[in-house]
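Asks: Protein chains in written order, with my numbering: chain A, 1033 to 1177; chain B, 7 to 130.
The beta-carbon is built from N, C-alpha and C at its ideal position, and this holds for glycine as well.
Given the structure is predicted, the values throughout are model-derived calculations rather than measurements.
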Amino acid sequence: MDRLTAISRALASTALALFASSCVVLVFTRTRTNAPIDEARVAELAPGRTTFADALLRLGAPTDVWELPGGARAIAYGWLDQKGDNVNVQVPVSRNFTPNLEIEDARKKFYGVVLFFDESDVLVEVRRGFLRTLKRESLPSADDE
Amino acid sequence: MKCRLLLAACLLLAPACLLDRSTTNGRPDEAAIAKLTPGASTASDVVALFGAPSEVVQLGKRSAYRYEHTVAKRTGLWLIVLGSLNTDTHSDRVWMFFDENSVLTHVASSFESERSEFGLAWTD
Chain A
1033 MDRLTAISRA
1043 LASTALALFA
1053 SSCVVLVFTR
1063 TRTNAPIDEA
1073 RVAELAPGRT
1083 TFADALLRLG
1093 APTDVWELPG
1103 GARAIAYGWL
1113 DQKGDNVNVQ
1123 VPVSRNFTPN
1133 LEIEDARKKF
1143 YGVVLFFDES
1153 DVLVEVRRGF
1163 LRTLKRESLP
1173 SADDE
Chain B
7 MKCRLLLAAC
17 LLLAPACLLD
27 RSTTNGRPDE
37 AAIAKLTPGA
47 STASDVVALF
57 GAPSEVVQLG
67 KRSAYRYEHT
77 VAKRTGLWLI
87 VLGSLNTDTH
97 SDRVWMFFDE
107 NSVLTHVASS
117 FESERSEFGL
127 AWTD
């Protein structure tokens, strides 16, 4: 057996071992957090008329609430539906699943609807987008955490 | 022979599956919400019924408490070179809003944790 054949066999064996042990895998991932809000219910909201109580009644508990300047407030309804497919090279020794951290991480990527209310709790504006961005834009300081 | 093949297939495929269910916090008591009266109940009443909130948000002179119970179901499947990892998370969430005197003004609740499902990454 010449040297080239020996190297080829070694490489083939290594590749086979990696594939067979699932160290190299094409992974399809999907992460869903919360269900998207019912757009029909959002369409029922009318800036200038809808109150804070009406909005809560129609849409339920928000995912986030924050203070706006001048005693006003905003509530947000967010969700995440993230798909991915990629080739992973992994060594499956151990991986901790820490739900709290993963949920907090997901919250940072939420897409959704934000309802802005004035100081009298009347709806002023409805905006859609990434909640983190919308929240940051609505706050006087950049610190939104 | 068929039994041996089936056993071999099971032994090869079964270790490549993952079903995981994780929860955070206790489920807010849905029935206890009816015991609260906006305009009369106070933050102390809320804490007495529901315990410590998951989050307290200051809204100027007003405030809000969030109670949240989360269920995450994770499904994994690895078949030699193909993998699927799906995580589905839903929550039971209750927000209590208080005025500047810590009197309850609004309650909003959504109970959706039972919507969490096991499934593959490519299924809807």
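What residues from chain A crowd round HIS75/B, counting only those whose CB sits closer than 8 angstroms?
Replies: Here the premise fails: no neighbours, minimum Cβ distance about 11 angstroms.
Asks: Hey, which unbroken runs of the beta strand (DSSP E) at 3 residues or more fall wholly within the region 42-122 of chain B?
Replies: Secondary structure in the region 42-122 of chain B: the beta strand (DSSP E) runs of 3 residues or longer, each lying completely within the stretch, are 61-65, 68-85, 88-104, 110-117 in chain order.
Asks: For the region 30-61 of chain B, enumerate the residues whose C-beta is nearer than 7 angstroms to any C-beta of chain A, in chain order.
Replies: THR30
Asks: What's the C-alpha gap between LEU1171/A and PRO1101/A?
Replies: 7 angstroms
Asks: List the residues of chain B that LEU1163/A touches, going by C-beta distances under 7 angstroms, in chain order.
Replies: The contacting residues do not exist; LEU1163/A stays about 15 angstroms from chain B at best.
Asks: Output the boundary residues of the beta strand (DSSP E) element that contains LYS1154/A.
Replies: Note on residue identity: the sequence assigns Val, not Lys, to residue 1154/A. No beta strand (DSSP E) contains VAL1154/A, which DSSP labels as neither H nor E.
Asks: Name the two residues that bound the continuous beta strand (DSSP E) containing ASP1096/A.
Replies: 1096-1100
Asks: If you pair each beta-carbon of the region 103-121 of chain B with each one of the region 44-54 of chain B, do three or more pairs fall below 8 angstroms?
Replies: yes
Asks: Just the chain B side, please: which residues come within less than 7 angstroms of GLU1071/A by C-beta, in chain order?
Replies: By Cβ distance, chain B contributes nothing, its closest Cβ being about 16 angstroms from GLU1071/A, past 7 angstroms.
Asks: For chain A, find out if any of its Cβ atoms is closer than 8 angstroms to the Cβ of ASN107/B; answer yes or no.
Replies: no
Asks: With a threshold of 8 angstroms on Cβ separation, who are the neighbours of GLU123/B within its own chain once the five nearest residues in sequence on each side are excluded?
Replies: LYS79, ASP94
Asks: Short of 6 angstroms in beta carbon distance, which residues of its chain neighbour LEU1159/A, apart from the five on each side in sequence? Order them along the chain.
Replies: Looking at the sequence itself, residue 1159/A is Arg, so the reference to Leu does not match. Contacts found: VAL1146, LEU1166.
Asks: Could you pull the start and end residues of the alpha helix (DSSP H) that LEU24/B belongs to?
Replies: Note, LEU24/B: premise wrong, no alpha helix (DSSP H); beta strand (DSSP E) at 23-30.
Asks: What span of residues does the alpha helix (DSSP H) with PHE1084/A cover, start to end?
Replies: 1084-1091
Asks: According to DSSP, is ARG1081/A part of a helix, a strand, or is it coil?
Replies: coil
Asks: Going by Cα to Cα distance, which pick from LEU1089/A, ARG1064/A, ALA1067/A is closest to GLU1076/A?
Replies: LEU1089/A
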